[in-house]
Each structure stands twice: as structure tokens, then as C-alpha cells.
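The following block contains the structure:
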């Protein structure tokens, strides 16, 4: 009964901050810009061929034939940097920001309860990441429908499914991406308990993301790939095949779960045992 | 040094005790409470606080003497490296979530979100309190703001508050609901004399409601008018604890003689067996330096050379001292028996300051 009030208050705070609203607005603009740019570059809509390639680039071939694909293009483009930044800002700020303002000591003196505070903070981060992800999908869907033809969806495997089926797959893709962002949020939360400088925590999370992406692209380090936090982010294309590549999807979700567990535990162990000196 | 502290003290039912007179528990008690920082510095060194229920307890000491670290441990913000602490009979830090909602606190200055209004900031802290009734939140917040005189500034953003307003908002956050104990760490820091007076009046009011007040300060003068008890910290140790009259009793009365012949006066006083003789120019501020340092060179400037000679009175009768002085042919310009002021006692206990963290 008490968590909802605390959670609602934190949610209002995070969604009421101008900085965070600006982040969400920027996130919403990207799909629009991508859609318009692709529309201008491909003035003659024509039926695309099933690519079946592994990378997100495969979506581009499909777009001309179906506006729904703008959502997948937008998600895979924004997953490289923009969505991680959005999550890193809110997650990195979560505890470090309170420490920086000094409000952390008063929250704990209320008493918020250290574990409870951490749980609420994480829930807010996940909600924010979910919102950002859904904003990308929603804006991209509307822009795609306005700029390109919309109809039955030809998947990456070449199969064509009905529009409702395609939209359902879009919903799952969005949830998968949101799960990836949730795991990143857990990493951000853990980093955030280590400092009272929010900016430092945010930068650290972004460095981790970029480092992971770089290592993931070095062929000689391929063995490390599956264990990297960013490795499975783009695997949502498994949902765009018939049959759905569930083993890849599950491995991705497992990776997110493990990262959430490890960094969540780390954040908890650190936060419940450290002196609050700010 | 890190003996596992026995935590959970005797528990008291949650909520305000209706029969406070019968309730003589200590509001705050610590036993051998110790904090050694990771760097090895001993910030708090085995202190045994006993803050009686219903008292206004002045927690005094120079800056850096360990007051804030102690308060952080009392509130469960920092973990002791030795000893134990209990608030309202509940062991800390383990009992934090059980007991802290009965404790209002101001720790190391106010802290709020600058981009929220005073009202929204208080609403936020109230929303975090799982035992607070959301239905009465607005009324309680308004009452708290009213008590500190901030109701008219409730909708102003915190960043536009003056220093005094910020300090008062922090006190208001401690008053969001009836409390059994209020812990105020340097509540008058940064306040002008008017603000200091207001805070003092507020503390009196809070205490009159039956709330135990634990107020830290580096200035005795700020709290001596309102305190019933004091604890004095020096370099991490509790060097005195007791009621104000008890503190006064620790001060030895001194006999002071104004004379043009200090050397002879000292001889008389010493002959009478009075310890700690000192000489100072009458205008000099106490405490006076040791006698030898200030003795005027013999024969020099005897015209205006009135000096003040003093010694600890002890059991000697002042009348006899006076008579002895006169008998010895010393011209006595003035004669007085004085008890040290609380300020003198305080400075005596804490040293002159500036030996921060030594």
C-alpha cells in the first residue's frame, strides 16, 4: 500500500523533469526524421524482397513496401545510442542525483528503507525505458503509415502475414527492446550507487555501452560476444521470421535477466551497506 | 574494534505515549558508539549518550568534533564500527524503518530538489513515508509550513528561497507529523540573529508539545537558553554529559583581586594555598594566560599598572583572603568571587577550537 504512493511520487518527479521530457521529445523526433529521410531517398514505393540477412539493414529493403517497417528501422537505429542514452541518464541519476542534492539522507531518514528505495528507483527506470521504447514504436508507426503504404507485412523470412499479426509482432519487438533497456537500467542503477556525481554515473554507463558495442564488432573477440550486455539487443529480428527464432530470443532474454540480477544484486549489496556521507 | 553491537533494545509500542510522565525511557542511548573512517581516523570514540525522554538536549562541540557523524549513525545513515545506538528504545541502524517515522531530523543543512516548490518537496518526503496517511498529507504539510512561517512561500521554487527559508523548510520536513523525537543538526547555521531567535522559539514550542529535542551546535550561547541537558564533544569523545546545573557545578569559583602590586598579591594567594594563580590586565578577556607570562617587569609603569590577579577559591573563605591581602599591605582596588560562565566551561571542555580533527 505504501509502495504505490512512493512509486507514483517518483514517477511524477521523473516524468515532470524538463530534462527527461526533452529526452523523450528527442526520442520521438528521430523516427520522424528517419521516416522523412527514407521517404525522400526512395520516391518510388515498390514491393521489397525478403532479405533474411542478420542485420537491421535488412529492414530498409522492406520499408518501401510497408510503413510498419519504419518501426523496426527506428528501433534498431535508436538502440545504438539514443535509447541507451535516455536510459543511462535516468538510471545514472537515480541514486547519484539524490546523493548529489543531499536528498538521499533525508529520504533514508523519512525512512524510505534502503531496499525499498532501490526497488522503487529501479521500477521508475524500467517504466521510463518502456515509455521511451513505446514512444519510438508509436511515432514510427504513425509516421510510417503516413509516409509509406501499409498492408500485410512481408517478414524477413519472406513470409507475408496479416497486418494485425504484424502489429502483434511489433508489440513483442517493442517489449523485447524495453527488456533490453531494463537490463541496462539495472547496470545504471548499480553504477549510480557508487558516486554522488550523476554526470559521472551517466558517462560511465554510456562508456560501458559503447565499449560493449565495439568489442562485439571485433571478430577476434567473437567468443566474448554472447556475454556482452549489448550483444542481444538487435536480436528482436528473430520475431520477424516464420517460424520465430525462439532460441535466439530466449538467449537474449536470459542475458537481460542475468544482467539485471547481477547488477541489481550488486546495487543492493552496495547500497544497503554503504555509509551515506553526502 | 568492530565488536558486533547488540542491537534491538527494549521495544516501545509505536505511536505517542499518552502518559509521558510515567515514561522515563531514554530517547537516545548509545553504548561505546564508535566510528572509525576507512582512512583510520577515529571520528567518534566510544561515546555513551543518554538523552532523557522529554529533555532538550544540547549536543555541543566545535566543528569537526564528531557531532554530525554521531547524528548520522543515530539515524542509520552511517554504520558504526563499534558499539551500539538506540532511538526510542529501538536499535539502530537495524530498526531504522520501524522507528524513524517517529523521529524528525535535520542533518547537515537542508537538502531539497531546487526545481520543486517548497510544498512539492515536502509532499515528496511525505509520500515516501509508508506510515503517513495520504489523505491528511496536504493538511499536515500546510500545518508544518505554517509553523515555520513558510505558508506564503509554499508555491515558490526551492531555488528561490533564502538561506533562512531553506533552513526553516528543513525544520518543517521534521514536523510533517507528530514526533517523539526531533534531531536538529546545527539548525541555526547560516541564520541571522532574528532567524536564530525564531528557531529557538520553535524549538521551545516543539519541546512544550512533549517532543524530545536533540539539537547540536558549535555555539553554546545558541542553545543554553533552551537546553535542559548538554553533552559536550571534543575530538570524537563525549567529555561531559549532564544537566545544565551539573555543568555549572563543574566550574570552580575563582577569587579575583585588582591591585597595583600583582606580585605581592600572588605571594599572598599562594601562601594561602590557592591553586592556579593567574595575572592579567583587567580589560583582558578570559581565559587569562599563566601568571609568569604577563607579570609586568618590576618597577616599570607602576602608575597605571593595575592588574587582575586570580586563583581558584576552593574551600578558602573570601573574607580571610581579603584580610590577608590588606594585612600584607597590598592596595586592593577590587575584590570579587566569580563562577565561570557556561561559555567559559564550554571552552574549557572543548579547547579553543581550531584543532579540528586533531
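Chains as they are written, first to last, in the working numbering: chain A, 9 to 286; chain B, 711 to 1068.
Quick reminder that beta carbons are idealized off the backbone N, C-alpha and C, glycines included.
Computed from a predicted model, the values in this text were never measured in an experiment.
Item                                                                                                                                                                          : Value
How is residue 895 of chain B classed by DSSP in three states: helix, strand or coil?                                                                                         : strand
Please name the residues in the segment 95-129 of chain A whose beta-carbon is closer than 7 Å to at least one beta-carbon of chain B, in chain order.                        : 109, 110, 111, 113, 114, 115, 116, 117, 118, 119, 120 and 121
Let me know the beta strand (DSSP E) ranges lying completely inside the segment 816-868 of chain B, each 3 residues or longer, listed in chain order.                         : none
Return the first residue and the last residue of the beta strand (DSSP E) that residue 770 of chain B is part of.                                                             : 766-770
Mind listing the chain A neighbours of residue 834 of chain B? Cutoff is C-beta to C-beta under 8 Å, in chain order.                                                          : 17 and 21
Step through the CB atoms of chain B and report whether any lies within less than 9 Å of the CB of residue 283 of chain A.                                                    : yes
Where do the ends of the alpha helix (DSSP H) carrying residue 292 of chain A lie?                                                                                            : The question about residue 292 of chain A has no answer here: the residues shown for chain A are numbered 9 through 286.
Under 7 Å Cβ to Cβ from residue 26 of chain A, same chain only, skipping five residues before and after it: list those, please.                                               : none
Below 8 Å, how does it come out for the segment 893-901 of chain B and the segment 861-869 of chain B: are there three or more Cβ pairs, yes or no?                           : no
Chain B partners of residue 14 of chain A, CB-CB under 8 Å?                                                                                                                   : 837, 838 and 840
Taking the straight line between their C-alpha atoms, what separation do you get for residue 917 of chain B and residue 926 of chain B?                                       : 15 Å
Helix, strand or coil for residue 877 of chain B? Go by DSSP, reduced to three states.                                                                                        : helix
Once you ignore the five residues that flank residue 966 of chain B on each side, which residues in its own chain have a CB closer than 8 Å to its CB?                        : 1018, 1019, 1020, 1044, 1045, 1046, 1047 and 1048
Once the 5 residues before and after residue 752 of chain B are set aside, which same chain residues still bring their CB inside 6 Å of it?                                   : 746 and 946
Nearest to residue 160 of chain A by alpha carbon, out of A:88, A:172 and A:150?                                                                                              : A:172
Name the DSSP beta bridge partners of residue 968 of chain B, please?                                                                                                         : B:1018 and B:1044
Residues of chain A with CB under 7 Å from residue 849 of chain B, in chain order?                                                                                            : Under the 7 Å cutoff, chain A gives no residues; its nearest Cβ is about 16 Å from residue 849 of chain B.
List the residues that DSSP assigns as beta-bridge partners of residue 162 of chain A.                                                                                        : A:168
With 9 Å set as the bound, which would you pick, yes or no: does the beta-carbon of residue 811 of chain B sit closer than that to a beta-carbon of chain A?                  : yes
How many angstroms separate the CA atom of residue 1069 of chain B from the CA atom of residue 769 of chain B?                                                                : The requested residue 1069 of chain B does not occur in the structure, where chain B is confined to residues 711 to 1068.
Going by beta carbon distance, what residues of the same chain come within less than 6 Å of residue 168 of chain A, once the five residues before and after it are set aside? : 160 and 162
Any beta-carbon of chain B closer than 9 Å to the one on residue 259 of chain A?                                                                                              : no
Given a limit of 8 Å on CB to CB distance, which residues of the segment 762-787 of chain B reach chain A?                                                                    : 782, 785, 786 and 787
Ordered along the chain, which non-local residues of its own chain (more than five positions away) have a Cβ less than 6 Å from that of residue 981 of chain B?               : none
Give the residues of chain A in contact with residue 844 of chain B, contact being defined as C-beta atoms less than 7 Å apart.                                               : 13
On the CB-based measure, 16 or more other CB atoms within 10 Å of its CB, does residue 780 of chain B come out buried or exposed?                                             : buried
Taking the Cβ atom as the reference point for each residue, do residue 73 of chain A and residue 153 of chain A lie within a distance shorter than 9 Å?                       : no
Between the segment 92-105 of chain A and the segment 205-222 of chain A, are three or more C-beta pairs nearer than 8 Å?                                                     : yes
Answer with buried or exposed for residue 749 of chain B, where buried requires no fewer than 16 other C-beta atoms within 10 angstroms of its C-beta.                        : exposed
If I follow the unbroken beta strand (DSSP E) through residue 254 of chain A, where does it start and stop?                                                                   : Looking at the DSSP string, residue 254 of chain A is not in any beta strand (DSSP E); the run it does join, the alpha helix (DSSP H), is 254-279.
Going straight from the alpha carbon of residue 811 of chain B to that of residue 959 of chain B, what length do you get?                                                     : 37 Å
Is residue 924 of chain B helix, strand or coil by DSSP?                                                                                                                      : strand
For the segment 850-875 of chain B, enumerate the residues whose C-beta is nearer than 9 Å to any C-beta of chain A, in chain order.                                          : none
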